[in-house]
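Since the structure comes first, as structure tokens, the remarks are kept for the end.
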DNA sequence: AAATATACCTAATATTCTTAGGTATCAAAA
DNA sequence: TTTTGATACCTAAGAATATTAGGTATATTT
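Chains as they are written, first to last, in the working numbering: chain A, 75 to 172; chain B, 75 to 172.
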């Protein structure tokens with residue numbers, strides 16, 4: 075979420091779920107039960123700030139990264155890559171011979 | 075765990091934690107609170123079977139994959155790779171120009 | 001002798017996700 | 001025109017999993 079918000083500037087919750095689905099060719103589904111509590115937590119931690127906008131009679135809540143959120147994005151992305159690297163080391167096939 | 079057991083043939087719990095630490099250059103720590111409940115669950119599901127061995131006065135519980143466990147290993151490895159692929163698609167930097 | 005490593009384990013708590021709701025507007029199909 | 005599906009927010013119960021912090025005991029190293 076932080077990464078998408080960093081690139082897109084501002085996004086609303088539903089938009090984030092659609093982005094995730096599109097970018098992953100439908101392989102990842104970010105459910106609303108996972109999405110909204112996380113966004114609220116990010117806001118409580120001061121990583122994002124919100125702006126409510128009315129589109130017709132319907133409400134949209136736009137999220138944007140704070141300075142703290144941009145820093146968190148970088149560190150979390152690096153952390154995730156380290157996780158992937160470590161997992162690949164562990165899951166790399168053990169070379170039996172050669 | 076399934077992957078390590080598949081390659082090593084048989085392993086005991088503590089050995090698995092050390093393997094994970096070594097393979098990942100100390101970046102991943104598999105704690106015992108995560109390890110043992112998971113091994114017990116794998117056994118309950120019939121993916122691994124156990125054999126208790128006394129080494130001096132100390133007990134070791136060796137785990138080996140069942141046929142079902144070997145199949146599960148393959149599918150779980152594939153599943154994890156798909157997860158990584160999907161995440162990389164989502165986390166891939168958005169090309170702004172060119 | 002004491003500290004560290006080996007070797008098993010559990011349990012309370014915390015965290016997070018899934019599932020399954022609820023409310024409401026808007027557009028398209030039946 | 002009604003009903004379905006998409007858009008758009010949300011919460012809460014339950015399930016799953018990890019963290020933390022123990023407990024027990026033997027073996028080895030300092």
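In this text, a Cβ means the ideal position worked out from N, Cα and C, and glycines have one as well. Since the model is a prediction, treat every value here as computed from it, not as a measurement.
- Compile a chain-ordered list of the residues in the region 101-123 of chain A whose CB is closer than 9 angstroms to at least one CB of chain B. 101, 102
- Message: Please state the DSSP three-state secondary structure of residue 109 of chain B.
- Response: helix
- Which listed residue (B:161, B:171, B:115) has its alpha carbon closest to that of residue 97 of chain A: B:161
- Please go through the same chain and pick out, in chain order, the residues whose beta-carbon is closer than 7 angstroms to the beta-carbon of residue 83 of chain A, but skip the five residues on each side of it. Excluding sequence neighbours, residue 83 of chain A sits near 138.
- State yes or no: is the beta carbon of residue 97 of chain B nearer than 9 angstroms to at least one beta carbon in chain A? yes
- Query: Quick one: does residue 161 of chain B have its CB under 9 angstroms from some CB of chain A?
  - Reply: yes
- Item | Environment of residue 129 of chain B [buried if 16+ CB atoms lie within 10 Å] | exposed
- Message: Which residues does DSSP list as the beta-bridge partners of residue 84 of chain A?
- Response: A:138
- Assigned exposure category for residue 90 of chain B - 16 Cβ within 10 Å defines buried: buried
- Query: Under the three-state reduction of DSSP, which class applies to residue 126 of chain B: helix, strand or coil?
  - Reply: strand
- Message: residue 77 of chain A and residue 158 of chain B - do their beta-carbons sit closer together than 9 angstroms?
- Response: no
- Message: So for residue 161 of chain B, helix, strand or coil by DSSP?
- Response: helix
- Buried/exposed call for residue 75 of chain A, threshold 16 Cβ in 10 Å: buried
- Task: Figure out for me which residue from B:152, B:169, B:144, B:167 has the closest Cα to the Cα of residue 81 of chain B.
- Result: Between residue 81 of chain B and the set B:152, B:169, B:144, B:167, the nearest pair of CA atoms involves B:144.
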